[in-house]
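Single-structure report; data block below.
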Amino acid sequence: KAGVTQTPRYLIKTRGQQVTLSCSPISGHRSVSWYQQTPGQGLQFLFEYFSETQRNKGNFPGRFSGRQFSNSRSEMNVSTLELGDSALYLCASSFAGTGRTDTQYFGPGTRLTVL
Amino acid sequence: AQSVTQLDSQVPVFEEAPVELRCNYSSSVSVYLFWYVQYPNQGLQLLLKYLSGSTLVKGINGFEAEFNKSQTSFHLRKPSVHISDTAEYFCAVSDGGGGATNKLIFGTGTLLAVQP
């Protein structure tokens, strides 16, 4: 079974631009979560989608948004990029979204560099 | 809100020696705990998880962890490490928040540096 895939793997953008990252979950998984990883703040939860609905959201500004499609694929968008948005963005998928007992499987991440 | 503390930012150890990576979590009525490993330029790989039942949990690559409710700890151990175990290790807790969610709260990570 294929794992979680994320595209692109690397991105370089300039301040003020916007970016869209894509995540394809493991087949059959309906929950997709996004995390931001930086050296200073560590791993922080962005949001979770389940059955095309945002179920939970972390403490990030409104410039960070996401969506999920009917095939469970998810995208996240960051508008008006800032230097501090440079990070590794990780996507994780899980099967039934039943909450605490559901193991999350992570993709390789998208490395975003903002210049 | 849940929180996770990994007191050691870096743990140097010689090859074939035992190692323990410490993790403490904030108390909760019920808690689900995970250890993930991250190799350079890669995503997170699940090592093991505690959901319920036996407090001693065995994972991949010879790792195990023990859930201790009274001490609110979930320390990761391996009896004999290899050079290939050099990586960053993250402890995480599932934050249910009273509803169905897969939100994970991560510790700050521990870099395990195995020396020959």
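Protein sequences appear in the order of chains A and B. Residue numbers are given in this note's numbering: position 2 of the first sequence equals residue 2, and the series is strictly consecutive. Adding 1000 to a residue's 1-based position in the second sequence gives its number in this note's numbering. A virtual CB, placed ideally from N, CA and C, is assigned to each residue, including glycine. Note that this is a predicted model, so its numbers are computed, not measured.
- Under the 8 Å criterion on CB atoms, ASN1061 of chain B is classed as non-interfacial with respect to chain A.
- ARG67 of chain A: member of the beta strand (DSSP E) spanning 64–68, first to last residue.
- When rounded, the separation of the alpha-carbon atoms in PRO25 of chain A and SER33 of chain A is 10 Å.
- Assignment of ASN71 of chain A by DSSP, reduced to helix, strand and coil, places it in the coil class.
- Judged by beta-carbon spacing, ASN1024 of chain B lies beyond the 8 Å limit of GLU48 of chain A, meaning their Cβ atoms are not closer than that value.
- The C-beta distance from VAL1004 of chain B to PHE1067 of chain B rounds to 13 Å, too long to fall under 8 Å, and the pair is not in contact.
- Here SER72 of chain A is buried. Its C-beta has 16 or more other C-beta atoms within 10 Å.
- Taking 8 Å as the CB threshold, PHE1090 of chain B lines the interface with chain A.
- Look at LEU88 of chain A here: in three-state DSSP terms it is strand.
- Taking all protein chains shown into account, ALA2 of chain A has fewer than 16 neighbouring C-beta atoms within 10 Å of its C-beta and is therefore exposed.
- With respect to chain B, the C-beta atom of PHE60 of chain A has no partner C-beta closer than 8 Å.
- For GLU1088 of chain B, the enclosing beta strand (DSSP E) starts and ends at 1087–1094.
- Within chain B, GLN1042, GLY1043 have C-beta atoms less than 7 Å from the C-beta of PRO108 of chain A, given in sequence order.
- Shown here, LEU83 of chain A sits in a helix according to DSSP, grouped into three states.
- Taking 8 Å as the cut-off, the Cβ atoms of PHE1090 of chain B and TYR1036 of chain B count as close.
- Taking 8 Å as the upper bound for CB-CB distance, LEU88 of chain A and ARG63 of chain A are not in contact here, some 18 Å apart.
- For GLN36 of chain A, no CB of chain B lies under 8 Å from its own CB, so it is not counted at the interface with that chain.
- Straight-line spacing of the CA atoms in CYS23 of chain A and THR80 of chain A works out to 21 Å.
- Taking 8 Å as the threshold, the shortest C-beta distance from LYS1103 of chain B to chain A falls below it.
- Here the C-alpha atom of GLN1010 of chain B lies approximately 14 Å from the C-alpha atom of LEU1076 of chain B.
- Residues PRO108, GLY109, THR110, ARG111 of the same chain have their beta carbon placed closer than 8 Å to that of ARG9 of chain A, with the five preceding and five following residues left out of the count.
- By the beta-carbon neighbour count (other beta carbons within 10 angstroms, threshold 16), ARG15 of chain A is exposed.
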